[in-house]
Structure formats: structure tokens, C-alpha cells
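Reviewing the structure listed below.
2 protein chains.
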Amino acid sequence: MPRRTDTRERMVRTAADLFHAQGYHATGLNQVLAEGGAPKGSLYFHFPGGKEQLAVEAVALAGDDLRTALEAVLSGTDDPVEGLNQALALLGENLERSDFKHGCPIATVALDASADSEPIREACADVYDSWQRIIAEHLNRHVADEPAAGEAGTDEPAAHQSAPGEAATDELATVVLAAIEGAVLLARTRRDLSPLHAVGARLGALLGRPTG
Amino acid sequence: MPRRTDTRERMVRTAADLFHAQGYHATGLNQVLAEGGAPKGSLYFHFPGGKEQLAVEAVALAGDDLRTALEAVLSGTDDPVEGLNQALALLGENLERSDFKHGCPIATVALDASADSEPIREACADVYDSWQRIIAEHLNRHVADEPAAGEAGTDEPAAHQSAPGEAATDELATVVLAAIEGAVLLARTRRDLSPLHAVGARLGALLGRPTG
DNA sequence: CCTGTAGTAGACCAGTCTGTATATTAAGAT
DNA sequence: ATCTTAATATACAGACTGGTCTACTACAGG
Chain H
1 MPRRTDTRER
11 MVRTAADLFH
21 AQGYHATGLN
31 QVLAEGGAPK
41 GSLYFHFPGG
51 KEQLAVEAVA
61 LAGDDLRTAL
71 EAVLSGTDDP
81 VEGLNQALAL
91 LGENLERSDF
101 KHGCPIATVA
111 LDASADSEPI
121 REACADVYDS
131 WQRIIAEHLN
141 RHVADEPAAG
151 EAGTDEPAAH
161 QSAPGEAATD
171 ELATVVLAAI
181 EGAVLLARTR
191 RDLSPLHAVG
201 ARLGALLGRP
211 TG
Chain A
1 MPRRTDTRER
11 MVRTAADLFH
21 AQGYHATGLN
31 QVLAEGGAPK
41 GSLYFHFPGG
51 KEQLAVEAVA
61 LAGDDLRTAL
71 EAVLSGTDDP
81 VEGLNQALAL
91 LGENLERSDF
101 KHGCPIATVA
111 LDASADSEPI
121 REACADVYDS
131 WQRIIAEHLN
141 RHVADEPAAG
151 EAGTDEPAAH
161 QSAPGEAATD
171 ELATVVLAAI
181 EGAVLLARTR
191 RDLSPLHAVG
201 ARLGALLGRP
211 TG
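Top to bottom, those sequences are chains H and A.
Per UniProt numbering: the first sequence = residues 1 to 212.
Per UniProt numbering: the second sequence = residues 1 to 212.
So, in C-alpha cells, the structure goes:
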């Protein structure tokens, strides 16, 4: 093989970075090419699907990276609230380090490209699912032995097979993910980390702790 | 004044709609013009600041509209959880009615334009602030008499002046807003309302209810 | 040595982008 | 009736878009 073999990966990484900070439509291929140091021909050789394919792969890559980091942080502690707080701290560091340009690597693309491209939308949804799964597992590991509330325990016929509160944990993981995503969105827009701290401070109540 | 006098407002409304569904960079001025039935000259007459000014005004308008709707819904009930659930229902209807194109009218622009334009970013931040204020007032009206937790009551010197739980209510409103924003983001990306329902179901726990 | 091919390099295309400049029209004032 | 101004209507400019095309380079196998 001629010259370099890492061109493809470099392009995806560059694209992921730019999409992360600017979104899909605000990022031109020329910018990706310039920043990645590759000519146009190479792009369409490696990505015959063009910008759309590049975005799908970039989203998947960024999602994997953050999922890995999330797993590492969450598995490092026994306290579910503590684990999630460390995840929030990680996101806060990313925000600060990038002058509030790097929030959620998926959200921008999800919002500004899913109207255009169904494949991109699906890729983003898949990433969110994977994150939610990690969070749910984390919660299951530590708080599944609780009665898991019961405010809506009427309309569940016999859905939960194995664990008793599995459906409830999924719901809880959805809420946790939503709160985190919203906090990152607010923090990025306000250029201020306090939304992350607020969510962190209220995680205890959200997870059903007596009062923190 | 010649011809029409509503051209300006029509343009802002059209722009707000398109920015809402597609974001800032994905929406071309030609599309705004075509959909609003106005020529280019009129746009730069009414908005000498060009696309940026149009976006700032569109964001403010959309933010005002939703703030009004939010106020109406929240003032209609005495139960804070019930009120927020109705707000979630409203957002869910908007999503469904628009085939999941209309989520938060601010988020898309906030994410894909605040890297480019400081004025747009500020406009978005202002809208979020206004929404948060509405939520905080709503919470203050109904739950301010609670002890307002205290899991992190160590590093607060003497911030809260007037009401005892005011700072705590602000924090809580931030978390509520974040959770709602995140839920809308997830719902739009997944094309599925369940994140909204999940947040609704957990609002009680989040607001400090015993386990309701 | 020669050829096939993976990959690179960049010119090029048609279309679109935001923004500007120049008419043209309609109303209000004098 | 005329002059001014608010507003509309287009034509146009220059830059940039994503995408295609062809030429070229470097390596591998025969």
C-alpha cells in the first residue's frame, strides 16, 4: 500500500472533532480535508458515501470514545452517585478545556443533521442507547436491590422477567442521561459549569436516596 | 408605508420555524425568503445585520412563545409535578405533530451557531434563563416551604439573602430544565416520546417528594 | 522489469451560500 | 403634482459547497 495507511482513521477523527464543535452543516469537507491533511480524492476513496458516511462513522467513533471513558469512570467506584458525579466532572473538564466548544459530541450532529439524513439520526440514536445501557448497568449493579419506587406500578402486567426493577432502572437511566445531556447543553450555551454541578447535587434525590 | 407592514414579522416567524427544525447553518436565507414570500432586498432592509440578526430575533421570538405557553400551563395547576407534566405533554405534542422535527426551538441553534456567533449564543442563553426563571417561580410558589435538602451544604458561605431556599430552588429549576431539555433531545433523536414520559415519572423524586 | 492496483493529489463542475447594488413601487407630506 | 422616503423586487457578485473526474505515485506479485 502506498504512502500512509492511517489516512482513513485520521479523517474520521478530524471529522469527529469538527462535527463535535461546529455541527454537521457548519463543517465543510474542505475544512476536514485541510485539517486532516488529505486531498479530496482520498476522502471519496475511503468514504464513497461522502459526507453522510463520514458523519455516521465520526458519530460512532466519538460515541465509542465517550462510552469507554464513561465505563472507566463508572466502574471505578461503588457509589452510583459518586460515579455519575465523576462522569459529570469529566464532561465539565472537556467543556472548560475547549473553551466551552466541546459539549456532547453527538447532540449537535443529532439536532442539525437528523432532519437531513436518516442514517446519521440512527447513528446518534445508537450512541445514546449505548450510553444509556452503560448507565443502566451501573445503576443495576448498585441500586437494583431497592424497592424501585411504585408510583406507576399499576400498568405493568408481567414485563420484567429477570430482575425485578429492570424496567424501572431503564427508565431511571433515561432520566439520568437526559439530565446530563441537558446540563451539558445548558453549560455550553451559558459558558458556565453550574448546570453540571446542579445536576450532580440533585442526583441523589433523583436516584431515590432518602434526601441526598 | 408601501404594500405590507407585516413582512418583517413574517420573516422572523418563518426563520424561527426553519431554524427550529433544521438549525442555523442548514437553513439558507433563500429558503427563508421563498417560504416567507419575500425578496432578498427586503430582508437586508429589515435586517441590516443579515442572517445573524435574523437568527437572534428568531431565537428571542421562539423563546418568548414557548415561555408564554409554559407560563400558561404552569399557572393552571397547584401541583408542581402536575404542572411540569403538562409542560412535558405540550412538548410531546409538538414533537408528534411535527413528525419529531420540532423539539426545542433553541437547542439546535444554540449548538450549531454559538460557535460562530456570540450574539446568537447570548440570545439562546437569555431564553434558557427566562425559562428557568419561570420554572423557579413555579417551584417557589409550591414547594419553597420545604427544608430544601442539604447534601452539599458545606461550601456555601452566605449566599442566600432573602428567601431561605431561593438558591436551592434555582438549582432545582436548573436541573428540571436540564432534564426536560435532555428528554426532548433524546425523544427527537429516537423518534420516541418515552424519554419525556420517563422524566415525567421521575419528577416527583427529583423535586424531593417522599417517593411519589 | 513490468504491470496491476491501492491510494494520493488536485483540478474541475454545477449549484448554493450570504451579501450588495440597483431599480421600481407605493404611500404621506407639501 | 411633486418630492421624499419606506419598502419591495431582482439581478448580480464572490466565495464556498459537496461531489466527480482524471492524472499520478508507490508498492506488491509475477
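Every residue gets a Cβ at the ideal spot worked out from N, C-alpha and C, and that includes glycine.
DSSP-derived helix/strand/coil call for residue i
i              : result
residue 18(H)  : helix
residue 39(A)  : coil
residue 114(A) : coil
residue 51(A)  : helix
residue 100(H) : coil
residue 75(A)  : coil
residue 197(A) : helix
residue 64(H)  : helix
residue 27(A)  : coil
residue 155(H) : Because the pLDDT at residue 155(H) is just 44, under 50, the model does not fix this residue reliably, and the value given afterwards should be weighed accordingly. In the structure shown, residue 155(H) sits in coil (DSSP, three-state: anything other than H, G, I, E or B).
residue 129(H) : helix
residue 105(H) : coil
residue 191(A) : coil
residue 208(H) : coil
residue 170(H) : helix
residue 262(H) : No statement about residue 262(H) is possible, as the shown extent of chain H runs from 1 to 212 and does not include it.
residue 182(A) : helix
residue 92(A)  : helix
residue 10(A)  : helix
residue 203(H) : helix
Close-in-space but distant-in-sequence residues of the same chain around residue i (CB under 8 Å, 5 per side omitted)
i              : result
residue 175(H) : 206
residue 139(A) : 80, 169, 172, 173, 176 and 207
residue 161(H) : The predicted model places residue 161(H) with a pLDDT of 43, which falls under 50 and marks its position as unreliable, so this point remains unresolved.
residue 213(A) : The structure shown has nothing for residue 213(A), since chain A only spans 1 to 212.
residue 38(H)  : 7, 10 and 11
residue 114(H) : 120, 121 and 124
Own chain, CB closer than 6 Å to residue i, minus 5 neighbours either side, in chain order
i              : result
residue 25(H)  : 112
residue 35(A)  : 14
residue 57(H)  : 12
residue 8(H)   : 46
residue 148(A) : With a pLDDT of 44 at residue 148(A), under the threshold of 50, the predicted position of this residue should be treated as unreliable, though the coordinate-derived value follows. For residue 148(A), where only same-chain residues beyond five positions count, the Cβ hits under 6 Å are 165 and 168.
residue 76(H)  : none
residue 108(H) : 23
residue 123(H) : 56, 59 and 60
residue 117(H) : 52
residue 195(A) : 183, 186 and 187
residue 94(A)  : 102
residue 142(H) : 80
Identity of the residue in the options nearest residue i by Cα
i              : options                           : result
residue 101(H) : 121(A), 141(A), 100(A) and 133(A) : 121(A)
residue 60(H)  : 167(H), 126(H), 199(H) and 181(H) : 126(H)
residue 62(A)  : 71(A), 76(A), 19(A) and 33(A)     : 19(A)
residue 87(A)  : 191(A), 179(A) and 190(A)         : 179(A)
residue 187(A) : 33(A), 98(A) and 16(A)            : 98(A)
residue 21(A)  : 185(A), 199(A), 192(A) and 198(A) : 185(A)
residue 66(A)  : 16(A), 193(A) and 141(A)          : 16(A)
residue 128(A) : 27(H), 182(H), 200(H) and 33(H)   : 182(H)
residue 64(A)  : 95(A), 28(A), 30(A) and 132(A)    : 132(A)
residue 192(H) : 201(H), 96(H), 31(H) and 130(H)   : 96(H)
residue 130(A) : 119(H), 103(H) and 190(H)         : 190(H)
residue 134(H) : 119(H), 115(H) and 71(H)          : 71(H)
residue 27(H)  : 199(H), 54(H) and 119(H)          : 54(H)
Close Cβ partners of residue i (< 7 Å) along its chain, the five nearest in sequence each way excluded
i              : result
residue 84(H)  : 176 and 203
residue 90(H)  : 69 and 73
residue 92(A)  : 193 and 196
residue 33(H)  : 39, 40 and 43
residue 199(A) : 88, 179, 180 and 183
residue 31(A)  : 18
Any non-hydrogen atom of the ligand MN within 7 Å of residue i CB
i              : result
residue 180(H) : The ligand content of the structure shown is nil, which means the ligand MN is not present either.
Q: Give a yes or no on contact between the stretch 47-55 of chain A and the stretch 70-85 of chain A, applying the rule of three or more CB pairs nearer than 8 Å.
A: Per the Cβ contact rule, the stretch 47-55 of chain A is not in contact with the stretch 70-85 of chain A (fewer than 3 Cβ pairs under 8 Å).
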